[in-house]
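Engineer: Residue numbers (our numbering): 7 to 361.
Don't be surprised by glycine CBs; every beta carbon is placed ideally from N, CA and C.
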Amino acid sequence: MSFITFLCPIRNRNIDYLLESLANQTEKDFIFMLIDYGSEDEYIAQYKKNAQKYSFVECIFIENVKEKFWNRSLIINIGLKHIKTKNIFITDADLYFEPDFFSQFKNNFKDNTFYVCVVKRLLSKKDNQLFFEQKTHQTKDTLPEMTAGICASNTSIFIEAGGYDTFFRLWGREDNEFYKTIQKNNIPIEIINFDKSPIYHLWHQLENLDLPEGWLELIHQHEKENLLSIKRNNFLNTNIANYQKNEQLLCLKYPFFYHIAYIYQYWYDLKTGETFYFQQNFDTIIVQKQKKLSFFLSFLNRILKKIGIGYRFIELEKFEKKQMTFKEAKDFIFYFILMQEQNIADYSVVIDEKK
Numbered sequence: 007m008s009f010i011t012f013l014c015p016i017r018n019r020n021i022d023y024l025l026e027s028l029a030n031q032t033e034k035d036f037i038f039m040l041i042d043y044g045s046e047d048e049y050i051a052q053y054k055k056n057a058q059k060y061s062f063v064e065c066i067f068i069e070n071v072k073e074k075f076w077n078r079s080l081i082i083n084i085g086l087k088h089i090k091t092k093n094i095f096i097t098d099a100d101l102y103f104e105p106d107f108f109s110q111f112k113n114n115f116k117d118n119t120f121y122v123c124v125v126k127r128l129l130s131k132k133d134n135q136l137f138f139e140q141k142t143h144q145t146k147d148t149l150p151e152m153t154a155g156i157c158a159s160n161t162s163i164f165i166e167a168g169g170y171d172t173f174f175r176l177w178g179r180e181d182n183e184f185y186k187t188i189q190k191n192n193i194p195i196e197i198i199n200f201d202k203s204p205i206y207h208l209w210h211q212l213e214n215l216d217l218p219e220g221w222l223e224l225i226h227q228h229e230k231e232n233l234l235s236i237k238r239n240n241f242l243n244t245n246i247a248n249y250q251k252n253e254q255l256l257c258l259k260y261p262f263f264y265h266i267a268y269i270y271q272y273w274y275d276l277k278t279g280e281t282f283y284f285q286q287n288f289d290t291i292i293v294q295k296q297k298k299l300s301f302f303l304s305f306l307n308r309i310l311k312k313i314g315i316g317y318r319f320i321e322l323e324k325f326e327k328k329q330m331t332f333k334e335a336k337d338f339i340f341y342f343i344l345m346q347e348q349n350i351a352d353y354s355v356v357i358d359e360k361k
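Written out as structure tokens, the structure reads:
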């Protein structure tokens with residue numbers, strides 16, 4: 007059996023450079039396990055080609071999750087159920103390992119120790135190019151507490167800790183929370199930073215995260231509550247169900263608070279096994295006819311505009327009946343699923359920004 011499994015959660019990412027760097031390792035006593043969580047078909051085809059090209063690559067494809075929120079914690083936990091090696095190394099799609107990295111890592115590895123790897127970040131697209139041309143390039147070392155996502159230990163350490171907290175999704179601090187759990191469990195932590203055979207993080211264009219409003223504050227609060235709790239939950243028992251589309255159509259429309267209340271009432275009236283289908287459109291909402299006061303305010307606004315004053319009067323009633331924005335609808339869906347997750351057997355979210 008191999009010494010360790012490199013575990014890589016992925017969705018729609020190119021891993022050619024990562025696999026090339028692993029194939030060039032001077033020591034090859036490892037498995038690379040790719041766990042795909044809803045990639046597009048073109049990426050899935052490429053991953054399958056990678057598995058044919060490199061004998062050390064194994065692929066697990068989680069089906070019917072393309073329309074689910076990205077959840078790195080859940081993917082790692084799925085990997086923990088499949089890994090057969092004694093040790094595990096959590097990696098990232100954008101890494102590049104120098105040829106002697108794994109040999110040096112294996113020689114320094116100790117049981118019952120949690121390893122966090124410092125990575126050298128290439129800072130620009132130009133630095134990527136210079137790096138592969140073996141020319142001078144700029145890098146910046148990540149701080150250990152900020153790079154806990156690249157970590158390794160005995161597989162049993164991850165399992166005994168209860169896996170990763172699946173509350174964290176989209177983007178958000180699952181690595182930091184797990185790192186602090188390891189600290190709380192009094193497991194020795196060592197920092198891996200091999201100057202002569204480092205790990206590089208290739209530059210890539212940052213994704214537009216477009217996180218729900220208040221989400222970062224919420225996950226920080228959740229992380230604090232985890233640290234204060236006497237016993238951490240076990241997050242390894244989450245199952246993936248198949249999605250079945252229903253026929254009931256619900257949406258948010260004016261008056262919004264009425265329809266929010268209606269959706270929740272409909273939800274709580276559902277019987278076990280029943281479903282509903284939520285589809286939000288963004289047709290213009292017809293507001294009440296303007297009152298006499300609004301004509302007067304419009305008249306004042308025209309005068310203010312003529313004399314060059316930027317201040318404007320807004321008719322309050324018209325302002326309160328504005329159309330729901332695209333982001334507000336997305337945020338509502340996200341938080342609805344988040345708060346009701348224990349009661350949801352399965353869900354699917356499709357966003358078409360063209361409509």
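Pick from N349, Y341 and H88: whose alpha carbon is nearest that of V396?
Structural biologist: A question about residue 396 goes unanswered here, because the residues of the chain that appear run from 7 up to 361.
Engineer: Report yes if the C-beta distance between L40 and I66 is below 9 Å; otherwise report no.
Structural biologist: Within the sequence shown, residue 40 is the residue found at index 34, counting from 1. Within the sequence shown, residue 66 is the residue found at index 60, counting from 1. Yes, these two residues count as a Cβ contact at 9 Å.
Engineer: Quick check: the Cα distance between T3 and K230, rounded to an integer number of angstroms?
Structural biologist: There is simply no residue 3 to check, as the chain begins at 7 and stops at 361 in what is shown.
Engineer: Just the Cα atoms here: how many angstroms apart are N134 and N30?
Structural biologist: Taking the sequence shown and counting its residues from 1, the one referred to as residue 134 is at position 128. Taking the sequence shown and counting its residues from 1, the one referred to as residue 30 is at position 24. The alpha-carbon atoms of N134 and N30 are separated by roughly 18 Å.
Engineer: Give the C-beta separation of K112 and D201 to the nearest angstrom, bearing in mind that I take them to be a contact with Cβ-Cβ under 8 Å.
Structural biologist: The count along the sequence shown starts at 1 and reaches residue 112 at position 106. The count along the sequence shown starts at 1 and reaches residue 201 at position 195. So it is not a contact: roughly 18 Å between Cβ atoms.
Engineer: Short check: CB of L276 to CB of F282, under 9 Å?
Structural biologist: Here residue 276 corresponds to residue number 270 of the sequence shown, with the count starting at 1. Here residue 282 corresponds to residue number 276 of the sequence shown, with the count starting at 1. Against a cut-off of 9 Å, the Cβ pair of F282 and L276 comes out as a contact.
Engineer: On the three-state DSSP scale, how would you describe D42?
Structural biologist: Residue 42 sits at position 36 when you count from the first residue of the sequence shown. Of the three classes helix, strand and coil, the one that applies to D42 here is strand, per DSSP.
Engineer: I need the boundaries of the alpha helix (DSSP H) containing S88, first residue and last residue.
Structural biologist: Working through the sequence shown from its first residue, we reach residue 88 at position 82. This sequence places His at residue 88; Ser is not what is there. Unbroken alpha helix (DSSP H) run through H88: R78 to H88.
Engineer: Applying the 10 Å Cβ sphere with the 16-neighbour rule, what's the burial state of E166?
Structural biologist: Numbered from its first residue, the sequence shown carries residue 166 at position 160. Exposed, because fewer than 16 other Cβ atoms sit within 10 Å of the Cβ of E166.
Engineer: Comparing alpha-carbon positions, which option in E334, A99, L224 and S45 lies nearest L25?
Structural biologist: Locating residue 25 in the sequence shown gives position 19, where the first residue counts as 1. It is A99.
Engineer: Within the same chain, show all residues whose beta-carbon is closer than 7 Å to that of N232, passing over the 5 residues directly before and after it, in chain order.
Structural biologist: Stepping through the sequence shown from its first residue, residue 232 is reached at position 226. For N232, where only same-chain residues beyond five positions count, the Cβ hits under 7 Å are D171, E183 and R238.
Engineer: So, is E223 buried or exposed, given that buried needs 16 or more other C-beta atoms within 10 angstroms?
Structural biologist: Along the sequence shown, read from residue 1 onward, the residue named residue 223 stands at position 217. By the 10 Å Cβ count, E223 comes out exposed.
Engineer: Quick check on this structure: which residue in Y274, I357 and I84 has the alpha carbon closest to the alpha carbon of N349?
Structural biologist: For the purposes of this step, residue 349 is identified with residue 343 of the sequence shown, where counting begins at 1. For the residues Y274, I357 and I84, the minimum Cα distance to N349 belongs to Y274.
Engineer: Pick helix, strand or coil for T119, following the three-state DSSP scheme.
Structural biologist: One-based indexing of the sequence shown puts residue 119 at position 113. If DSSP states are grouped into helix, strand and coil, T119 belongs with coil.
Engineer: Is the stretch 119–132 in contact with the stretch 52–65, if contact means three or more CB pairs nearer than 8 Å?
Structural biologist: No, they do not touch.
Engineer: Less than 8 Å between C-beta atoms, sequence neighbours within five positions excluded: which residues of the same chain meet that for N93?
Structural biologist: Here the question's residue 93 lines up with position 87 in the sequence shown. If we look at N93 and ignore the five residues flanking it on each side, its Cβ neighbours are F9, I10, T11, F115, A158, S159, N160 and T161.
Engineer: Out of D22, I188 and Y206, state which residue places its alpha-carbon closest to the alpha-carbon of L128.
Structural biologist: For this step, residue 128 is matched to residue 122 along the sequence shown. Nearest option by C-alpha distance: Y206.
Engineer: Could you give the first and the last residue of the continuous beta strand (DSSP E) run that contains E196?
Structural biologist: Here residue 196 refers to the residue found at position 190 when the sequence shown is read from its first residue. That run of the beta strand (DSSP E) goes I195 to I198.
Engineer: Check whether the Cβ atoms of I89 and G155 sit closer than 9 Å, and answer yes or no.
Structural biologist: Locating residue 89 in the sequence shown gives position 83, counting from the first residue. Locating residue 155 in the sequence shown gives position 149, counting from the first residue. Contact flag unset, no.
Engineer: Looking only at its own chain, which residues have a Cβ that is under 7 Å from the Cβ of T187, when we skip the five neighbours before and after it?
Structural biologist: On the sequence shown, residue 187 is found 181 positions in, with the first residue counted as 1. Excluding positions up to five away in sequence, the list reads A167 and R238.
Engineer: Count the other CB atoms, across all protein chains shown, that sit within 10 Å of the CB of T91; report buried if there are 16 or more and exposed otherwise.
Structural biologist: Numbered from its first residue, the sequence shown carries residue 91 at position 85. Counting Cβ neighbours within 10 Å, T91 comes out buried, since at least 16 surround it.
Engineer: Count the other CB atoms, across all protein chains shown, that sit within 10 Å of the CB of R308; report buried if there are 16 or more and exposed otherwise.
Structural biologist: Counting from one through the sequence shown, the residue named residue 308 turns up at place 302. Classification for R308: exposed.
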